[in-house]
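**Student:** Let me give you the structure first, and then I'll get to my questions.
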Amino acid sequence: MKQSTDKAQASPTKQFFVSMLTRDISLDDAILDLLDNCLDGAMRIADGDEVDYSKHFVKIKLAKDQFSIEDNCGGIPRDVAKNYAFKMGREPDDDRDSDTETIGMYGVGMKRAIFKMGRNALVRTRHDNDTFEVPITSEWLEAKNWDPLPINEPTKASEKLPQPGTRITVKDLYEGVARHFENEAFENKVRTAISEHFTMFLQCGLKVELNDKPVEPVRVEVLVSTREDGPAPFVFRKIIDGVVVSITVGRNTSHALGNEEDEDAGFERDRSSATAGWTVLCNDRAVIVGDKSRLTGWGDGIPLYHPQFAIITGIIEFRSKRADKLPVTTTKRALDTSSNVWLESLVKMKEGMRIWIDYTNQWKNQASSEQQQARHWEDARPMPLGKAIEAVAQRKAAKRTDEEGIEFNPKKNKVLPEPPSKTPSSRRVTFSKPAEEIRLVGKALLDDENAKPGDVGEKAFDLALAKAKKRGG
Ligand SMILES: Nc1ncnc2c1ncn2[C@@H]1O[C@H](COP(=O)(O)OP(=O)(O)OP(=O)(O)O)[C@@H](O)[C@H]1O
Ligand SMILES: [Mg+2]
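In my numbering, the protein residues as written are 7 to 479.
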């Protein structure tokens, strides 16, 4: 064969491209993608220094005829707009963010969100003093070719933005989208998603408004006593495959150990519901909040989640300047559980959970369990991950494994309160049983066939005791 002058067209049609791109993302996730961009912007202007999030705002408006999002996060530099920002997909030579903990990596988020919502959009941005506008129109969308988008200059003062930032508006919304935007249930869904996913930024002072109402962060915290020998969470930090992994597992501010009569005992409880289960953070975004499934280890060598464990909160954070090293999927709202860094971390997560599962097992059949525990926990304060690690790291018993590495096991260090039955006046009960039978009883009583024989025996005894007491009195 020899090459002819004829050529076969092989470029994607816009219609195909747009429908493929938007197919797998939900409308609320598309909105969160736009918020991710605002925060990446804030991080870029800080240029490696700590970001003061209290200086930044994001205002989102959902209405049946228009969507808008506006921020003061630095705007898009003109050369970035010309060469990168509006391309579908990142260029291999685009190494702008190699030195920051930004989350953008694929080069599709903004375009995908716009295409998902409607047929006409306008991106107005101001970087330093340079304001310009990029329209994405239905004509451009319908045209067969991939012509570059125009960059328009402001002609009136009113077309400038008051401070560096970006304002994206989308009009001619698709019918289903318009219906969602005027629906209060959808607004609430987006509000919850923002308060969870961006909780760390909101807690650091970032102001996000949704339809003129501020979004409040959810609190994900563990209790830490300031006493050297007071109760504290399990803490672990290590660099795995170039990612800084920080873990804490501890007790949260809820007090459901199964004893309802203990309603008013205890410590600071100004927050109505504590976030039990696992929260996973990647570069400060909460990918998952309060997970109680197999995904985060429940029911996998340790018991399945059930209400007895509602006092247990685990937080794990992955940090890296290389966004592609984080264990997240392409939508950034789900975990990539096949990654090595996740699998290695899971071992430590379970180690931490085991401590607190044992703790709740120890206390659950104690009379006035809450009141008895309260005196030990009195001076404990709820803290988010970073603060909790900092506080525990100051204890002498905290083990430094290397410059970044740290480990603290509250059980081994005997700082967790023990029920009175464990005090010296009690006697030891020991007996042997076939391993298979222990597994059976463990499964039946503790929902865990791998439970320690001692725990199984103790549980069996506690149940017999409760029965005997009932009969006796
Ligand atoms: N609100 C904003 N503030 C500053 N820059 C922005 C903003 N929104 C978009 N950009 C610029 O536009 C670029 C393209 O955004 P887009 O979301 O499409 O891709 P990305 O963030 O690079 O990657 P990803 O697809 O993973 O989100 C960003 O890299 C950023 O430079
Ligand atoms: Mg993005």
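Where a beta carbon is used, it is the ideal one built from N, C-alpha and C, also for glycine.
(1) Can you tell me which of the three DSSP states residue 391 falls into?
(2) Just to check, is the beta-carbon of residue 172 closer than 7 Å to a non-hydrogen atom of ligand 1?
(3) Among 173, 188, 377, 171, which has the Cα closest to the Cα of residue 179?
(4) Leaving out five residues on either side along the sequence, give the residues of the same chain with a beta carbon under 6 Å from the beta carbon of residue 47.
(5) From the DSSP output, in three-state form, read off residue 344 for me.
(6) Compute the beta-carbon to beta-carbon distance between residue 405 and residue 412, rounded to the nearest angstrom, for a pair I have assumed lies under 8 Å.
(7) Residue range of the alpha helix (DSSP H) that residue 108 falls in?
(8) Can you tell me which of 242, 307, 450, 127 puts its alpha carbon nearest to the alpha carbon of residue 408?
(9) So if I measure from each beta-carbon to every heavy atom of ligand 2 and keep distances below 7 Å, which residues remain?
(10) How is residue 20 classed by DSSP in three states: helix, strand or coil?
(11) Buried or exposed: residue 284, going by 16 or more other Cβ atoms within 10 Å of its Cβ?
(12) Assess, as a yes-or-no matter, whether the stretch 201-221 is touched by the stretch 365-385 under the definition of 3 or more beta carbon pairs within less than 8 Å.
(13) Under 7 Å from any heavy atom of ligand 1, does the C-beta of residue 210 make it?
(14) Please classify residue 329: is it buried, with 16 or more other beta-carbons within 10 angstroms of its beta-carbon, or exposed?
(15) Looking at the structure shown, is residue 128 part of a helix, part of a strand, or coil, going by DSSP?
(16) Which residue marks the beginning of the alpha helix (DSSP H) containing residue 230, and which one marks its end?
(17) Can we count residue 79 as close to ligand 1, meaning its CB is less than 7 Å from some heavy atom?
(18) Across which residues does DSSP place residue 313 in a beta bridge pair?
(19) How big is the Cα-Cα spacing for residue 10 and residue 85?
(20) Check whether the Cβ of residue 300 lies closer than 7 Å to any heavy atom of ligand 1, and answer yes or no.
(21) Does at least one heavy atom of ligand 1 sit under 7 Å from the Cβ of residue 84?
(22) Would you check whether ligand 1 has a heavy atom nearer than 7 Å to the C-beta of residue 397?
(23) Using the C-alpha atoms, what's the distance from residue 165 back to residue 76?
(24) If you run the structure through DSSP and keep just helix, strand and coil, what is residue 382?
(25) Could you tell me the distance, in whole angstroms, from the CA atom of residue 338 to the CA atom of residue 28?
(26) Can you say whether residue 334 is buried or exposed, counting buried as having 16 or more other CB atoms within 10 angstroms of its CB?
(27) Taking Cβ to Cβ, would you say residue 322 is nearer than 8 Å to residue 286?
(28) Assign residue 164 to one of three DSSP states: helix, strand, or coil.
(29) Answer yes or no: the CB of residue 112 versus the heavy atoms of ligand 1, is any distance below 7 Å?
(30) Reducing DSSP to helix, strand and coil, say where residue 191 ends up.
(31) How many Å lie between residue 480 and residue 231 at the Cα?
(32) Got a sec: does ligand 1 put a non-hydrogen atom nearer than 7 Å to the Cβ of residue 90?
(33) DSSP three-state label for residue 362, please.
(34) For residue 348, does the count of other Cβ atoms within 10 angstroms reach 16, so buried, or fall short, so exposed?
(35) How long is the line joining the alpha carbons of residue 35 and residue 457, rounded to whole angstroms?
(36) Taking three-plus beta-carbon pairs below 8 Å as touching, is the stretch 352-362 in contact with the stretch 306-325?
**Tutor:** Let me spell this out:
(1) Reduced to three states, the DSSP call for residue 391 is helix.
(2) For ligand 1, at least one heavy atom lies less than 7 Å from the Cβ of residue 172.
(3) Across the set 173, 188, 377, 171, the C-alpha of 188 shows the shortest separation from the C-alpha of residue 179.
(4) Only 79, 80 meet the Cβ criterion.
(5) Looking at residue 344 - three-state DSSP - the assignment turns out to be coil, as it is neither helix nor strand.
(6) Indeed, because the Cβ distance is near 7 Å, the residues count as touching under 8 Å.
(7) Per DSSP, residue 108 belongs to no alpha helix (DSSP H) and is neither H nor E.
(8) Answer by Cα proximity: 242.
(9) Any residue whose Cβ sits closer than 7 Å to a heavy atom of ligand 2 makes the list: 39, 42, 43, 46, 110, 115, 116.
(10) The answer is helix: DSSP assigns residue 20 an H, G or I state.
(11) Classification of residue 284: buried, given that the 10 Å Cβ count is 16 or more.
(12) No: fewer than three Cβ pairs fall under 8 Å.
(13) If you check the C-beta of residue 210 against ligand 1, you find no heavy atom less than 7 Å away.
(14) Residue 329 should be labelled buried.
(15) Here residue 128 sits in strand by DSSP.
(16) For residue 230, there is no enclosing alpha helix (DSSP H); the enclosing beta strand (DSSP E) has its first and last residue at 228-231.
(17) True, at least one ligand heavy atom lies under 7 Å from that Cβ.
(18) DSSP lists no partner for residue 313.
(19) As the crow flies, the alpha-carbon of residue 10 is around 39 Å from that of residue 85.
(20) No, ligand 1 has no heavy atom inside 7 Å of this Cβ.
(21) For ligand 1, not one heavy atom lies less than 7 Å from the Cβ of residue 84.
(22) Ligand 1 never approaches residue 397 closely enough for any of its heavy atoms to be under 7 Å from the residue's Cβ.
(23) One alpha carbon belongs to residue 76, the other to residue 165, and they sit about 14 Å apart.
(24) In the structure shown, residue 382 sits in a helix (DSSP, three-state: H, G or I).
(25) Each residue's Cα considered, the two are about 15 Å apart.
(26) Residue burial annotation: residue 334 is buried, with at least 16 other C-beta atoms found within 10 angstroms of its C-beta.
(27) A contact, by the Cβ cut-off of 8 Å.
(28) Looking at residue 164 - three-state DSSP - the assignment turns out to be helix.
(29) For ligand 1, a non-hydrogen atom lies closer than 7 Å to the CB of residue 112.
(30) Under the three-state reduction of DSSP, residue 191 is assigned to helix.
(31) No statement about residue 480 is possible, as the shown extent of the chain runs from 7 to 479 and does not include it.
(32) Under cutoff, so the answer is yes.
(33) Correct three-state label for residue 362: helix.
(34) It is buried - the Cβ of residue 348 has at least 16 other Cβ atoms within 10 Å.
(35) Roughly 40 Å separates the two Cα atoms.
(36) Three or more pairs of CB atoms, one per stretch, sit closer than 8 Å, so the stretch 352-362 contacts the stretch 306-325.
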